[in-house]
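Have a look at the structure below before the remarks.
Numbering (the numbering used here), first residue to last: 40 to 231.
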């Protein structure tokens with residue numbers, strides 16, 4: 040068995056029961072978190088570019104810049120998971136046992152090649168195509184999942200696993216091509 044772990048990982052704890060009231064009002068409840076995540080995301084598009092320039096010119100990723108990008112990444116993915124009804128805990132909360140989002144800090148000597156930020160945008164195109172199809176499929180089943188949570192109080196396990204897998208895939212693409220945190224090409228897989 041292969042013990043390899045991709046440098047970007049997302050795990051969401053499955054719950055048998057979910058808050059039906061929270062699910063009903065989820066879009067309204069998520070608006071403040073969506074606004075903050077969007078503003079922070081716009082700001083970190085600049086820090087992603089800065090990270091790329093830093094890696095190409097100086098050959099390493101500054102820890103402080105990585106931490107800013109990781110903070111934004113976690114908030115954005117927690118907000119998406121909250122909106123998708125995958126977690127019930129509010130995304131702006133510091134304490135959240137339902138979701139784990141980890142991106143390993145790259146070793147400055149071995150993990151990043153100086154010129155990779157210049158070509159990752161091309162290399163990630165196949166992933167973007169597949170992820171677009173998966174995301175479109177998710178949006179076809181999302182209303183069904185929402186109705187099931189609303190009326191039955193639980194997210195069917197198969198739909199939950201698929202939705203979590205799509206988010207995991209998007210996180211790997213984000214860590215590779217946007218955060219520039221790894222040069223390891225993301226696997227074409229929904230599984231951990």
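Note that the Cβ used here is the ideal one computed from N, Cα and C, for glycine as well.
Judged by DSSP in its simplified three-state form, residue 163 adopts coil rather than helix or strand. About 10 Å separates the Cβ atoms of residue 52 and residue 128, ruling out a contact at the 8 Å cut-off.
When secondary structure is reduced to three states using DSSP, residue 139 falls in the strand class. Between residue 161 and residue 75, the alpha-carbon positions lie close to 30 Å from each other.
Contact annotation: residue 104 and residue 89 have beta-carbon atoms nearer than 8 Å.
By the Cβ neighbour-count rule, residue 188 is buried, with 16 or more other Cβ atoms within 10 Å of its own. For residue 49, the uninterrupted beta strand (DSSP E) run begins and ends at 47-51, by DSSP. Scanning the stretch 148-219 from its first residue to its last, the whole alpha helix (DSSP H) runs of 4-plus residues come out as 155-162, 164-191 and 196-212.
Taken atom to atom, the span from the alpha-carbon of residue 56 to that of residue 93 is near 46 Å.
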